[in-house]
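Numbering (the working numbering), first residue to last: 569 to 1102.
All C-beta atoms, glycine included, are put in the ideal place defined by N, C-alpha and C.
Since the structure comes first, as structure tokens, the remarks are kept for the end.
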Ligand code: ADP
Ligand code: MG
């Protein structure tokens, strides 16, 4: 077959395919246009999960009559005009593709009136062909009605999923924007039933309106600032349903980003609900990676990764002190941590599992593994937060032969592993060479620890567990139950553990110790005043 240029209608359909995948993508494009037009209120009305009708109404700037035909042309936009504008674009749109793409695969009616104009304009387009344009009475703002999506592209239509699935994509899209723009009022109706009616408010009240009191009360917030920008948002741990729901925003644009996702995953362990906002100079973000602008790239991917990872890790560390453990004892150690480690007097080991110690009129039974895990976990978090992990360089690199899936896991977690103190590189096709270890890991254990770590990363993914890398590492490197410790070793461990601000809980928030007051022992034994005092 000879090479020939495709006819314009086919060109348009192919281009539309990149931007408009399903009803939710239409909602996205129209809502973005409404936000770019400065709307204060945006209504989305759909029928049949958007297959029959998607109508987005805004009270924004509107379109001047002479611009209406242009709005349906490809590469026609009011938002940028020179190449350098793309680099610092602050609007959602700039490609001038949405309206023509939607019109190529549906029947569109646009009704619009700018501020100050007496009459508005009504334009129709169908299967990419612009139809009548009339003067018309209209409220200020713009309404775009999209009917019969994919009526002329049966292949696309076939790919649509059930009404339930399409509706859930659509509602997800709507709520994502509603989270990012609390100062805008939103409404969503489906088949004339109101689903959301959100009045303009602030971030907190918007979350309350969308997720309810119970979920909002459990949200933990975080906020961090670094050279690359600011990151803030909320997280809710969810170990009951084991579900993961991450919503990522860059300069309020809902996005996907591999590095943001990996940073969040590494710090949080995957499970839970996360709303993460990155605020960063638009010049250092590339949003022109994907036709629907879903994906972003950062000029400094690592800087952004580190900022997100350390901010979330700090939140996890801060909040782990609130949960579990033997809270009543916190006051005893809280005022000053300096020197408290000294007060434990090691007495011995029980069943090579518990350390027996005395301190300040109490007898302590301390789980040796849990206590050591706490010590190592604290060290790792501190190293990550400071950005300079204490590492131990190996004189000869430790070579690990791994399956390709395992090598991939190491690569996936490279940044976190390095933040913890590992240095490694690919060594031939099926191996890595470990060149440095976190200080917490004894050199003698380098190989077995790395193997168990990879194994654990695999299990974590397979079983959807929410263990973070620092938690795993602390656990793997800590002494185990069944290990014999000399008295000086016991004393050293107690001293280190006693310095922790959260000594009541291990890295996984399980209690570390049990204690008995000597007064109680006295009472139980009947060693009271007036008794046999020998
Ligand atoms: P882009 O958003 O990339 O500029 P679109 O095809 O989405 O391209 O829109 C083309 C142009 O039509 C926009 O640049 C804008 O000027 C105008 N427009 C589209 N929707 C609206 C709206 N809801 N309110 C005001 N102007 C709009
Ligand atoms: Mg647009």
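Residue i Cβ short of 7 Å to the ligand MG heavy atom set
| i | result |
| --- | --- |
| residue 600 | yes |
| residue 666 | yes |
| residue 661 | yes |
Alpha-carbon spacing of residue i relative to residue j, whole angstroms
| i | j | result |
| --- | --- | --- |
| residue 1075 | residue 837 | 13 Å |
| residue 783 | residue 943 | 32 Å |
| residue 951 | residue 986 | 11 Å |
| residue 934 | residue 1035 | 23 Å |
| residue 814 | residue 834 | 13 Å |
| residue 591 | residue 757 | 14 Å |
| residue 636 | residue 818 | 30 Å |
| residue 619 | residue 695 | 15 Å |
| residue 528 | residue 582 | Residue 528 lies beyond the residue range present for the chain, which begins at 569 and ends at 1102; the question has no answer from this structure. |
| residue 683 | residue 628 | 9 Å |
| residue 747 | residue 643 | 30 Å |
| residue 959 | residue 779 | 43 Å |
| residue 993 | residue 827 | 19 Å |
| residue 924 | residue 1054 | 13 Å |
| residue 673 | residue 693 | 10 Å |
| residue 792 | residue 800 | 6 Å |
| residue 976 | residue 821 | 30 Å |
| residue 981 | residue 868 | 18 Å |
| residue 873 | residue 831 | 5 Å |
| residue 775 | residue 743 | 10 Å |
| residue 931 | residue 1087 | 10 Å |
| residue 895 | residue 1072 | With a pLDDT of 34 at residue 895, under the threshold of 50, the predicted position of this residue should be treated as unreliable, though the coordinate-derived value follows. The alpha-carbon atoms of residue 895 and residue 1072 are separated by roughly 7 Å. |
| residue 1095 | residue 1058 | 30 Å |
| residue 1040 | residue 1085 | 33 Å |
| residue 729 | residue 862 | 21 Å |
| residue 578 | residue 1033 | 47 Å |
Host alpha helix (DSSP H) of residue i (start-end)
| i | result |
| --- | --- |
| residue 984 | 982-988 |
| residue 1093 | 1086-1093 |
| residue 1112 | Residue 1112 falls outside the range modelled here, since the chain spans only 569 to 1102, and no answer is possible. |
| residue 1040 | 1037-1045 |
| residue 936 | 936-954 |
| residue 610 | That residue, residue 610, is in no alpha helix (DSSP H); its beta strand (DSSP E) goes 609-615. |
| residue 625 | Run containing residue 625: none in the alpha helix (DSSP H); it sits in the beta strand (DSSP E), 621-626. |
| residue 670 | 666-672 |
Cβ distance (whole Å) where residue i is taken to contact residue j below 8 Å
| i | j | result |
| --- | --- | --- |
| residue 921 | residue 1049 | 4 Å |
| residue 768 | residue 751 | 6 Å |
| residue 713 | residue 661 | Rounded, the Cβ-Cβ distance is 19 Å, inconsistent with contact. |
| residue 1021 | residue 1044 | 6 Å |
| residue 794 | residue 709 | Not quite, the Cβ-Cβ distance comes to about 40 Å (not below 8 Å), so this is no contact. |
| residue 705 | residue 687 | 7 Å |
Cβ neighbour criterion (16 or more within 10 Å) applied to residue i
| i | result |
| --- | --- |
| residue 1090 | exposed |
| residue 596 | buried |
| residue 1080 | buried |
| residue 802 | buried |
| residue 770 | exposed |
| residue 1068 | buried |
| residue 649 | exposed |
| residue 533 | Nothing can be reported for residue 533: it is not among the residues displayed for the chain, which extend from 569 to 1102. |
| residue 954 | exposed |
| residue 1052 | exposed |
| residue 1082 | exposed |
| residue 593 | buried |
| residue 875 | buried |
Any non-hydrogen atom of the ligand ADP closer than 7 Å to residue i Cβ
| i | result |
| --- | --- |
| residue 597 | yes |
| residue 862 | no |
| residue 613 | no |
| residue 1073 | no |
| residue 593 | no |
| residue 955 | no |
| residue 881 | no |
| residue 868 | no |
| residue 628 | yes |
| residue 644 | yes |
| residue 631 | yes |
| residue 1046 | no |
Host beta strand (DSSP E) of residue i (start-end)
| i | result |
| --- | --- |
| residue 798 | 797-804 |
| residue 742 | Premise fails: residue 742 lies in the alpha helix (DSSP H), 731-748, not in any beta strand (DSSP E). |
| residue 843 | 840-847 |
| residue 789 | 788-794 |
| residue 825 | Here residue 825 belongs to no beta strand (DSSP E), and DSSP marks it neither H nor E. |
| residue 992 | 991-994 |
| residue 1003 | 999-1006 |
| residue 916 | 913-918 |
| residue 923 | 922-927 |
| residue 965 | 959-969 |
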